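Since the structure comes first, as structure tokens, the remarks are kept for the end.
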Amino acid sequence: MSLTRKAALITGAGRGIGRGCALELARQGADLVLNDLYCFEGAESLVEEVKGLGRQALPVRADVSKRQEVERMLAMTVSRLDVWI
14 MSLTRKAALI TGAGRGIGRG CALELARQGA DLVLNDLYCF EGAESLVEEV
64 KGLGRQALPV RADVSKRQEV ERMLAMTVSR LDVWI
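To convert, take the position in the sequence shown, counting from 1, and add 13; that gives the working numbering.
Here you go:
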């Protein structure tokens, strides 16, 4: 499956399963928004790996249990999609 010209938001992207999913989506052609609250440094370091795969990535620290932070994260995502797509 090709995800070229698609974007994905990955929560928990700084480590473990989230990180693995993010890398696979990038390999398949997706640009990514990388969210993590507790391992944000991991999400930030993942940006370079994603760029190395030829894709775009935006790290965003947000607590997905808080509506205001989710709304901020989604607003940031939508503003970047205009540039990516």
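All C-beta atoms in this analysis are idealised placements derived from N, C-alpha and C, irrespective of residue type, glycine included.
This structure is a prediction, so every number in the text was calculated from the model and none was measured.
7 Å CB neighbourhood of residue i in its chain, flanking five on each side removed
i     : result
Cys34 : Ile23
Thr17 : Gly42
Rounded straight-line distance, which links the Cα of residue j to that of residue i
i     : j     : result
Phe53 : Glu84 : 18 Å
Arg80 : Asp44 : 24 Å
Glu61 : Ile30 : 18 Å
Arg74 : Val46 : 10 Å
DSSP state of residue i mapped onto helix, strand, coil
i      : result
Ala26  : coil
Ala125 : Any property of residue 125 remains undetermined from this structure, which presents the chain solely from 14 to 98.
Ala88  : helix
Cut-off 6 Å between Cβ atoms - residues of its own chain near residue i, not counting five sequence neighbours on either side
i     : result
Arg28 : Cys52, Gly55
Among the options, the one whose alpha carbon lies nearest that of residue i
i     : options             : result
Ala26 : Lys19, Asp76, Arg93 : Asp76
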